[in-house]
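Number of protein chains: 2
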Amino acid sequence: MNQPGSGHSGYFDAAAGLPLHPVAAEAMQAAWQDGWADPSRLTGAGRRSAVLLDAARQAAAAELGVRPDELTFLPSGVHALQQAVLGSLAGRRRAGAVLVHSAVEHSAVFAAADWHHQRGGEALVAGVDPTARVDLAEFVELARRPGVATAVLQAANHEVGTRQPVAEAAGALAEFGVPLVVDAGHELVYGQPPAAAPIFTADARLWGGPAGVGLLVTRQGSRWRAPFPVDEAEAGRSAGAPNVPAIVAAVASLRATRADRAAEGRRLAGLIERIRDQVPRTVSDAVVLGPDDPAARLPHLVTFSCLYLDGEALLTELDRRGFAVSSGSSCTADTLTPSHVLVAMGALTSGNVRISLHPGVGQADVERFLAVLPDAVAAVRAQAPGSPAAGSAAPPRPAAPSRPTADQGPVLDSRGRRCPLPVLDLARALPGIEVGAELTVLADDPAAASDLAAWCRMRGQQLVDQAGLDSGGTAYRVRRLR
Amino acid sequence: MNQPGSGHSGYFDAAAGLPLHPVAAEAMQAAWQDGWADPSRLTGAGRRSAVLLDAARQAAAAELGVRPDELTFLPSGVHALQQAVLGSLAGRRRAGAVLVHSAVEHSAVFAAADWHHQRGGEALVAGVDPTARVDLAEFVELARRPGVATAVLQAANHEVGTRQPVAEAAGALAEFGVPLVVDAGHELVYGQPPAAAPIFTADARLWGGPAGVGLLVTRQGSRWRAPFPVDEAEAGRSAGAPNVPAIVAAVASLRATRADRAAEGRRLAGLIERIRDQVPRTVSDAVVLGPDDPAARLPHLVTFSCLYLDGEALLTELDRRGFAVSSGSSCTADTLTPSHVLVAMGALTSGNVRISLHPGVGQADVERFLAVLPDAVAAVRAQAPGSPAAGSAAPPRPAAPSRPTADQGPVLDSRGRRCPLPVLDLARALPGIEVGAELTVLADDPAAASDLAAWCRMRGQQLVDQAGLDSGGTAYRVRRLR
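Protein chains in written order, with the working numbering: chain A, 236 to 717; chain B, 236 to 717.
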């Protein structure tokens, strides 16, 4: 393989990590010869490692527009992001113990915030609009509150690609001395490093670097303090001997990827536009998420939601047909909570598919995908019991007995039914009542709360209210408006 | 390279990490093809990664005598050790916040203990005998105190090779319900995993695995709780996608290394005995550290101290002659504190050399080393100003003016002189006073405290007392006994 990602033309999940970039593979091979030793050792082998590490650090720093001594290599992007947040909080302890972040950050930020909370800290969360863009005014207002030590904002959202106003946020926060930590992650592949951020992080797996390398930039004067035990590694900012061969490979692929980033970004943006344009035309009841303006989102990523289907079932169906995608769907037994990003946007969480492209994907691959998709969606919908698409061959299974009451109209008991079935039940039952009348859906799937609300918004119907039930689950009252 | 460590026959620093084992290189190469994806993904690539990871976990668990679900892969041996300690403390918070460990643990344990202390916890330290073996009675007595949550003991010391009584300690502690965390590190290469320890750790770099892999075993019922933020990786015990290719390689080299461990352990023990036997014969004023009994120490590691020389200068001299060794010496500007292991043993800290062998080192390499060593030592001693070995060509520089006082005899002002010079000054001056008389050495090098005491023990002289000086440094009063 000489082209990045060649042999992976059906892999549409770049945002979950890429196969090793050819230059990374080559660099790693060489670095295992000369860079296997601990670079802090005074032996010849140690010095050769140190030379490789220094060179990699300088090259990466130049690429990121920072000084070499501002760059720390950590064991993963998640490690880098968590330690960026917690280290900024530790370094600013005197200012207070409050962390501000958006509602759509990477789960590593939520994990760090939980950890901080368990130790007496606090987190304030700024909301987002339906495209997942943070409410900048709210973000700045929260960050200005007394006791705020630091604030975190992603450069672009990892699930729907929405770019966040990090330069504006960093500028506003600088006025009252609160530092901004930026999860630069996905934006760094084809975009620019966040020049205004005092602290930012990246994950080498997103540009074809090996696992085992996260980048943490702590600019001079940023008051970052290692939140976990360290040793002498990485100037006292990390623990354990640095993984020199992996770092060398990660930096080689960063440079190679970013050398092509303008042309490759344009090419991938064209493919993404094609998907955004085609999916709503060829797949019924599908909506594309994120902002319409291409400049407001990542060039290589798109997410859409299909009503009346389980995203993970679609993921499996597409995988069977040779395409790897991702889903924020929550319809499996092991992830009971729906994607916090989709919930915060008010989007449907159950039939969600994320596509993220890379240099190994061409126009023909995308056309192949678009040709396969409608059929795959139809196949999954046909499997779901009670699906409208199932037709007469698989008659919809009626919901559990409904019991109309005098004051609130018919009741549909969807308890015990997993997503997307509660939404399906509502979609089937609502046309049966008069415009202006109400229907109550009882459901206990955790995704129902966001999905019933999202469906009503998408379909122009009204979710009047919802109330917990003594017998378990929630009652959702829906008024038919059209 | 097909033999482990071939091409590294002058590398005598195995305990600092080995070059990649040939089977690790091969396994990693293959795993980068099939194991690059995040194993938690439901795509084909994710499933192939998960299969590789599961197979590696099962193979490693079988090798270590544990269940696969008791084994967690972390980013380094240091990460594993720190999280073993802090996770055991977190899981046993109800029992108290006191940690017990020996005085000669790896610096990662001290870093974890410091971190714990900064957060209100406490650490009690058990001393060791002059061979570095922990005082088991004291260790057990400390662990029995109220509020002790957990205790840590290494299987074998990383600087001098002394085996610790981990089975006895684990058994004694189990009687009153305090778990033992064992740093199995160096012992795992040619020895046995600590069967009695509820929690233990290892570092793949010690057996030719790649950087980026530490092993943490938390046996069922051991009440370990992740001390830092985690995600779903490694059953919620780690953060960030696991580094599957590195893990596969680490496990392949663990099995390959341990398949030969009996024969290889015997072979290396023979080479080490040869070094232990020869060094005191061919190098003047050299002492071998650690227990005499070969069963009481690691087969592949030996440390000796040479009086009147700077260990790091000898390290550099040996490196120039083609041999890589390690030094616990403290005579460089960037490590101002002497090795805590050597200090705890009461050994000389300044002229220390650690040799640790591996499968790529043969008898001929050791003989070559032994032939070179006396000359290298003489060359370094000749460079040191004031060295007895320097002879008339480089006359000893007199110490700063000494001023005899009525009550305490002559005073030698060695302040401002770095190790090994204060010891040299004492060695030169003591023969000039009468047997039974006293000499006072003033010194401000941090290593002087342990080194002057160690020298007196080695030479059968008496360190009467020591006292801080208002003008800086310390006054050491020495009585000539012979």
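Think of the CB as a built atom: it goes at the ideal place given N, C-alpha and C, for glycine as much as any other residue.
{"query": "What is the rounded straight-line gap between the Cα of histidine 493(A) and the Cα of glutamate 508(A)?", "result": "According to the sequence displayed, residue 493(A) carries arginine and not histidine. Those two C-alpha atoms are separated by around 22 Å."}
{"query": "Helix, strand or coil: which one does DSSP assign to arginine 712(B)?", "result": "strand"}
{"query": "Is it buried or exposed for alanine 251(A), if we count other Cβ within 10 angstroms and need 16 for buried?", "result": "buried"}
{"query": "Mind pulling the chain A residues with CB within less than 7 Å of glutamate 547(B)?", "result": "Leu277"}
{"query": "Which runs of the alpha helix (DSSP H) at least 4 residues long sit entirely within the segment 360–444 of chain A? Give them in chain order.", "result": "371–378, 401–410, 422–425"}
{"query": "Quick check on leucine 577(B): does DSSP put it in helix, strand or coil?", "result": "helix"}
{"query": "Among Gln399(A), Ala343(A), Gly322(A), which has the Cα closest to the Cα of proline 429(A)?", "result": "Gln399(A)"}
{"query": "So is valine 448(B) buried or exposed if we call it buried at 16+ other beta carbons inside 10 Å?", "result": "buried"}
{"query": "What is the DSSP secondary structure of cysteine 654(A), reduced to helix, strand or coil?", "result": "coil"}
{"query": "For a contact defined as C-beta to C-beta under 7 Å, what are the partners of valine 465(A) on chain B?", "result": "Ala346"}
{"query": "What residue from Phe411(A), Ala446(A), Arg282(A) has the CA that sits closest to alanine 315(A)'s CA?", "result": "Ala446(A)"}
{"query": "Evaluate glutamine 318(B) with the Cβ neighbour count: other Cβ atoms within 10 Å of its Cβ, from every protein chain shown; 16 or more gives buried, anything less gives exposed.", "result": "buried"}
{"query": "Between the Cα of arginine 368(B) and the Cα atoms of Ser337(B), Gly281(B), Ala402(B), Asp466(B), which residue gives the shortest distance?", "result": "Ser337(B)"}
{"query": "In three-state terms, what does DSSP make of threonine 492(A)?", "result": "helix"}
{"query": "I want to know whether the segment 458–473 of chain B touches the segment 495–504 of chain B - three or more CB-CB distances under 8 Å.", "result": "no"}
{"query": "Mapping DSSP to helix, strand and coil, what is glutamate 261(A)?", "result": "helix"}
{"query": "Which residues, in chain order, does the segment 427–442 of chain B contribute to contact with chain A at a C-beta distance below 8 Å?", "result": "Arg440"}
{"query": "Measuring straight from C-alpha to C-alpha, what distance separates leucine 704(B) and alanine 710(B)?", "result": "7 Å"}
{"query": "Taking only the alpha-carbon atoms, compute the straight-line gap between glycine 651(B) and alanine 491(A) and give it to the nearest angstrom.", "result": "52 Å"}
{"query": "Could you work out which residues of chain B lie near aspartate 734(A), taking near to mean beta carbons separated by less than 8 Å?", "result": "What the structure shows of chain A is the stretch from 236 to 717, and residue 734(A) is not part of that stretch, so it cannot be assessed."}
{"query": "Would you check if the distance between the CB atom of glycine 586(B) and the CB atom of glycine 546(B) is smaller than 7 Å?", "result": "yes"}
{"query": "What span of residues does the beta strand (DSSP E) with glutamine 353(B) cover, start to end?", "result": "Counting along the chain, glutamine 353(B) falls outside any beta strand (DSSP E), though it belongs to the alpha helix (DSSP H) covering 342–353."}
{"query": "In chain B, which residues lie less than 8 Å from aspartate 554(A) when you measure between Cβ atoms?", "result": "Leu277, Thr278, Gly279"}
{"query": "Taking only beta-carbon positions, decide if serine 311(A) is within less than 7 Å of chain B.", "result": "yes"}
{"query": "Taking the CB atoms as reference points, tell me whether glutamate 305(B) and valine 452(B) lie closer together than 7 Å.", "result": "yes"}
{"query": "Short of 7 Å in beta carbon distance, which residues of its chain neighbour alanine 568(A), apart from the five on each side in sequence? Order them along the chain.", "result": "Residue placement at alanine 568(A) is poorly supported in this model, since its pLDDT is 42, which falls under 50; the coordinates still yield a value, given next. There are no such residues."}
{"query": "Could you tell me if alanine 702(A) is buried or exposed, where buried requires 16 or more neighbouring beta carbons within 10 angstroms of its beta carbon?", "result": "exposed"}
{"query": "Taking a cut of 8 Å between CB atoms, which residues from the segment 443–460 of chain A lie near chain B?", "result": "Pro445, Ala446, Gly447, Gly449"}
{"query": "Under a CB-based cut-off of 7 Å, is histidine 336(A) close to chain B?", "result": "no"}
{"query": "Short of 6 Å in beta carbon distance, which residues of its chain neighbour alanine 405(B), apart from the five on each side in sequence? Order them along the chain.", "result": "Leu415, Ala431, Ala432"}
{"query": "Could you tell me which uninterrupted alpha helix (DSSP H) segments, each at least 4 residues in length, are contained entirely in the segment 244–313 of chain B, listed from first to last along the chain?", "result": "257–269, 279–299"}
{"query": "Among residues of its own chain, excluding the 5 on either side of proline 534(A), which ones have a beta-carbon nearer than 6 Å to its beta-carbon?", "result": "Tyr425, Gly500, Leu503, Ala504"}
{"query": "What are the partner residues of valine 522(A), as DSSP defines its beta bridges?", "result": "Ser540(A)"}
{"query": "Can you name, in chain order, every residue of its own chain whose Cβ lies under 6 Å from the Cβ of glutamine 513(A), other than the five neighbours on each side?", "result": "Leu605"}
{"query": "Does glutamine 719(A) come within less than 7 Å of chain B when only Cβ atoms are used?", "result": "Outside the displayed range of chain A (236 to 717) lies residue 719(A), so it cannot be described from this structure."}
{"query": "Please list, in chain order, the chain B residues whose beta carbon lies closer than 8 Å to that of histidine 314(A).", "result": "Pro310, Ala474, Gly475"}
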